[in-house]
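A.B. asks: The opening position of the sequence shown corresponds to residue 1242 in my numbering, with each subsequent residue numbered one higher.
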Amino acid sequence: MRKLIKNVIIASMSINMLAATVIPASASVLYTSGHAQEEANLNSLEAEIKKFHQFLEKKGITDIQARTDEEKEILLNQYLNQLGRTRSVGAVLGAIAAAIAIGKGLYGAGRYAAMQAVSRGWISKTQYRRNGGGYYWSIVAGFGFFVANGFDDYMWDR
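(1) Measuring CA to CA, which of Glu1279, Ile1302, Gly1391 is closest to Phe1356?
(2) Go ahead and label Asp1393 buried or exposed: buried means 16 or more other beta carbons lie within 10 angstroms of its beta carbon, across all protein chains shown.
(3) Unbroken alpha helix (DSSP H) runs of length 4 or more, entirely within the stretch 1303-1381: which are they?
(4) Whole angstroms are fine: how far does the CA of Gly1383 sit from the CA of Phe1296?
(5) What's the call for Ser1379, buried or exposed, on a 16-neighbour Cβ count within 10 Å?
(6) Buried or exposed: which applies to Gly1335, given that a residue is buried once 16 or more other Cβ atoms fall within 10 Å of its Cβ?
(7) Give the straight-line distance between the Cα atoms of Ala1339 and Tyr1353, rounded to the nearest whole angstrom.
(8) Assign Gly1391 to one of three DSSP states: helix, strand, or coil.
(9) So, helix, strand or coil for Gly1301, using DSSP?
(10) According to DSSP, is Gly1383 part of a helix, a strand, or is it coil?
(11) Would Arg1361 and Met1396 qualify as a contact pair, given that the criterion is a beta-carbon distance under 8 Å?
(12) Report yes if the C-beta distance between Val1388 and Ala1358 is below 8 Å; otherwise report no.
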């Protein structure tokens, strides 16, 4: 039992080391691409404001500030109804695609951690297979199911 606990701690440490090397690199990429993303968001916002002003012009409204709050709300609802559901469907599909990408990345991190643990001699596949449940649930507790499944699949040659 003591050896199992030692091996679980070693596996957890290897995943922590992996996270320490992978996460800062991806965070720096996100930071450098953040400026371009902000500029794209600003351009998108300006285009959306222009479309809204065109909608108001079609309605014959030149000064939106002269309207009451109720009238502004009605105009905004009309504008949003005109846009349709395509934007909300796109947002949902984008969220699903992002979740899949994150899941794949975490799964790959688990496989990589397992590969490193085996290649560095911290654990062998036979040791993991004998006490796999303890390792698996320890990794789930520390890093989640995606990482644990990636680690487990590598150890079981799946």
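Backbone N, C-alpha and C define an ideal beta-carbon position, used for all residues, glycine too.
C.D. replies: Put simply:
(1) The sequence shown places Met at residue 1356, rather than the Phe named in the question. That would be Gly1391, whose Cα lies nearest to the Cα of Met1356.
(2) buried
(3) 1310-1324, 1327-1360, 1366-1371
(4) 52 Å
(5) Here Ser1379 is buried: its Cβ has 16 or more other Cβ atoms, across all protein chains shown, within 10 Å.
(6) Exposed, because fewer than 16 other Cβ atoms sit within 10 Å of the Cβ of Gly1335.
(7) The straight-line gap from Cα to Cα measures roughly 21 Å.
(8) helix
(9) coil
(10) helix
(11) no
(12) no
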